[in-house]
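Report on one structure; see the data block that follows.
2 protein chains.
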Amino acid sequence: MDPHPSTKPPKIVDVAKRAGVSLSTVSRVMNQNPTVDPVLAARVRKAAKALNYHASPLARSLVLGRTQTVSVVVPDLGNPTFQAILRGLSRAAKRQGYHVLIADSAEAVAEEGVLAVESRRRSDGLVLCAPRMEQSELDALLPSLEPVVLVNRESSAGVPTVAADYRSALRELGEHLYGLGHRRFVFLSGVPGSASNRNRLVAVDEFRRAHEDVDVQALECGVGFEDGAVAVDAVLDSGATAALAYNDLVAMGLLSAVTERGLRVPDDLSIVGFDDIPFTKYTNPPLTTSSVPAEDIGEQAWVEMSSLLAGNSARHPVYFRPRLVVRASTAPVQGAEKAAAPMVEHPLG
Amino acid sequence: MDPHPSTKPPKIVDVAKRAGVSLSTVSRVMNQNPTVDPVLAARVRKAAKALNYHASPLARSLVLGRTQTVSVVVPDLGNPTFQAILRGLSRAAKRQGYHVLIADSAEAVAEEGVLAVESRRRSDGLVLCAPRMEQSELDALLPSLEPVVLVNRESSAGVPTVAADYRSALRELGEHLYGLGHRRFVFLSGVPGSASNRNRLVAVDEFRRAHEDVDVQALECGVGFEDGAVAVDAVLDSGATAALAYNDLVAMGLLSAVTERGLRVPDDLSIVGFDDIPFTKYTNPPLTTSSVPAEDIGEQAWVEMSSLLAGNSARHPVYFRPRLVVRASTAPVQGAEKAAAPMVEHPLG
DNA sequence: CTGAAAGCGCTAACAA
DNA sequence: TTGTTAGCGCTTTCAG
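Those sequence lines, one after another, are chains R and D.
With full-length UniProt numbering as the guide, the letters of the first sequence map in order to residues 1 to 349.
With full-length UniProt numbering as the guide, the letters of the second sequence map in order to residues 1 to 349.
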């Protein structure tokens, strides 16, 4: 009848009974409280072992007021960057005996808020990864979520931020291409209105302003392979010689689509990605990108959380500076070197 | 002073007081118990809203005996296949109001057991993904973990399994290459002694036995990029014309290393991977592999768990049959078509 | 239909 | 040093 015939796990009183002591003594022994007669302690431990007793984390949590768990909400568990962040965070947390509850909002902006609140209630703190919600909503939500740390997003003081410095990285990517002679660019933007996207757009603007002879056109795109692939026509029609993709996924999608059109990268079009996910060196050609230390970010997010949990107040935002990784998807602009006429349907000069 | 100045969350009695009812009435209202005077119910709901009251999941869990949480243990959160499984599982669980606790054993076999036990105690059930531990240990551990579902691993009846049929898939990969004229193979094996690895080795044996003229040499390798890259010399020295990699990561590493040696894939060596992670179509050349529906596996794992949670007993193991995906990393064996002498240092014929 | 009271399993004063 | 007892916040009999 019973689907789970295993006998109920022993409770603290079972151990107490078996060891012939009171349950508080057992509790003390289990919690390494030194004020216990070694003889008794040994007896208790033996009894516990015999019964295979482990304190119920639930009951402990209730009385202690802490769960030894932090929750992490990410916009998409399928995104390699969030995976890396999660991995870094989870391993760091584990080292300190903390567990990790994950929540995948599946890019559903509307759900993000409740998800955050719900997850937070089951844990001692919350790490919000690149929340997609509006700034005003975020700012309003955050106080009720404390302790909370933000990843790749900022809010008012009081909540720590760990992020990659996308702005300067994007600038660097632009300068790299500029140095190669490129003057006409497209930027494939991510989720419109998202904070990460706005950030990058700011960098794009800075880049524009820094060079009078530069033309960069922003194209609404997305954050995945398909988005990059779908954008191929717009990119080619734009007449740009170089494409700055929102991230590596978009870049890979674009790269693949461009190649399928019979054009060559970087000869006909230079492409740069963003993040340096572990696959960019295996694309054809290997992708020039900006390396974001996602796992370190996750680890640092835990450091901040840990500090908050210890009762400290938020520290200053931490920004990791991405590093330009030049591979083979970028090259000097054709016209600049060969002054040759475009050889393709979509003139790129 | 107080690092988290937000006032304590309201408790059920606060709501009761404000609504002028007993706390049991509040409880009833919060749990949709219909036996409550609509007028009172409304008053309670208003009070709850005003106070922004939400029942403590902890306290509920303690009394209800369930946490609405399942835990998932994976050997490596960095592995795209586990990520996909986790994603499928997490989304399916969320749909039914369940939360997901993750634990990354970081390929530390020794830790797997305790991790599983600990995670299990904080949740209502456990999903063990491709546990690396020995079969005897697994069999012994499982009963204390119920309800538990196994992914890519089997045990005695009573615990459901959801897995990919690696054996027949590997056979299919072999036959594909055989059909292209290949007769000398290397198989880059994964973690020695791991169950997944043994499974594949069995398939290799079957393949050997099926063809008298086939020579397949198993090389100890690993499960990541680097392992595949490091194996390049051994692979080339082996004289094989085709390599069966443990998974796509290994295949990509090998592919990259082979290319760096100045050899060409598939001309000088055919390579197949395993899993069809979302990056294989962007390698150079795109990788022939066997597509494993990892996200579906995760989803199905939840279905099994859900069934167990509902009190049903374990159903029969479910095996997903991978699908051969022929891309450009495999080609007819050179000698078979051109009868040409090998043109490289490491003769491949 | 509603309230009082007994736990869920554990920790932490407080006494002894 | 050890035991007794009062909660942690909630659900659920059991009376009313």
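From the three backbone atoms N, C-alpha and C, an ideal C-beta is built for every residue, glycine too.
Report yes or no: is there a C-beta of chain D within less than 8 Å of the C-beta of residue i?
| i | result |
| --- | --- |
| residue 353/R | Look at the range of chain R in this structure, 1 to 349, and you will see that residue 353/R is not part of it. |
| N284/R | yes |
| T67/R | yes |
| P3/R | Summary for P3/R: the model assigns pLDDT 42, below 50, so the residue's position carries little reliability, and this model does not support an answer. |
| G78/R | yes |
| P75/R | no |
| P347/R | Reliability of the predicted coordinates at P347/R is poor, the pLDDT of 35 falling under 50, and the value obtained from them is presented with this limitation in mind. Not one chain D Cβ lies under 8 Å of P347/R. |
| H54/R | yes |
| A130/R | no |
| L219/R | no |
| K338/R | In this prediction, K338/R has a pLDDT of 40, which is less than 50 and means its spatial position is unreliable; what the coordinates show is noted afterwards. No, because no Cβ of chain D sits closer than 8 Å to the Cβ of K338/R. |
| P342/R | Note that P342/R has pLDDT 37, beneath the 50 cutoff, so the model's placement of it is unreliable and no number is given. |
Against chain R, with Cβ distances strictly below 8 Å, would residue i count as a contact?
| i | result |
| --- | --- |
| A331/D | no |
| V50/D | At residue 50/D the sequence reads Ala, which differs from the Val that was named. Closer than 8 Å: no. |
| Q83/D | yes |
| F274/D | no |
| I12/D | no |
| R200/D | no |
| R122/D | yes |
| P278/D | yes |
| F225/D | yes |
Under 8 Å Cβ-Cβ, which residues of chain R neighbour residue i?
| i | result |
| --- | --- |
| K281/D | S256 |
| N100/D | Strictly speaking, residue 100/D in this sequence is Val, with Asn absent from that position. Result: L101, I102, A103. |
Return the residue from the list the options that minimises the CA-CA distance to residue i.
| i | options | result |
| --- | --- | --- |
| P266/R | L170/R, H182/R, P10/R | H182/R |
| A294/R | T283/R, E175/R, R321/R, A234/R | R321/R |
| V250/R | R264/R, G262/R, G239/R, V230/R | V230/R |
| V70/R | L101/R, L77/R, A41/R, R43/R | L101/R |
| L51/R | L58/R, E134/R, P10/R, N33/R | P10/R |
| A169/D | D14/D, Y319/D, V15/D, A16/D | Y319/D |
| A203/R | E172/R, A157/R, R153/R, V303/R | E172/R |
| G97/D | R264/D, V114/D, T67/D, L77/D | T67/D |
| E175/D | D276/D, S189/D, V148/D, H211/D | H211/D |
| G193/R | G158/R, G239/R, S136/R | S136/R |
| V29/R | A48/R, K17/R, P317/R, R18/R | A48/R |
| A41/R | T25/R, H54/R, A55/R, Y53/R | T25/R |
| L219/D | R208/D, E206/D, Y246/D, A195/D | Y246/D |
| G224/D | R208/D, I277/D, R264/D | I277/D |
| G158/D | L141/D, L201/D, Y166/D | L141/D |
| residue 367/D | W302/D, S256/D, L254/D | Since the first and last residues shown for chain D are 1 and 349, residue 367/D lies out of range. |
With residue i and residue j assumed to form a contact (beta carbons below 8 Å), what rounded beta-carbon distance in angstroms separates them?
| i | j | result |
| --- | --- | --- |
| L244/R | V272/R | 6 Å |
| S270/D | L180/D | 7 Å |
| G125/D | M305/D | 5 Å |
| G298/D | L86/D | 6 Å |
| L138/D | L58/R | Actually they do not touch by this definition, with Cβ atoms about 26 Å apart. |
| S189/D | C221/D | 6 Å |
| V72/D | A116/D | With 8 Å as the limit, V72/D and A116/D do not qualify as a contact, their Cβ atoms being about 10 Å apart. |
Which bits of chain R does residue i rub up against, with CB to CB less than 9 Å?
| i | result |
| --- | --- |
| L62/D | S56, L58, A59, S61, L62 |
Since residue i meets chain D, which of its residues come closer than 7 Å, beta carbon to beta carbon?
| i | result |
| --- | --- |
| L86/R | L77 |
| S90/R | L77, I102, D104 |
Could you list which residues in chain D have their beta carbon closer than 9 Å to that of residue i, in chain order?
| i | result |
| --- | --- |
| P266/R | Within chain D, no residue comes near P266/R; the closest Cβ sits about 14 Å away, beyond 9 Å. |
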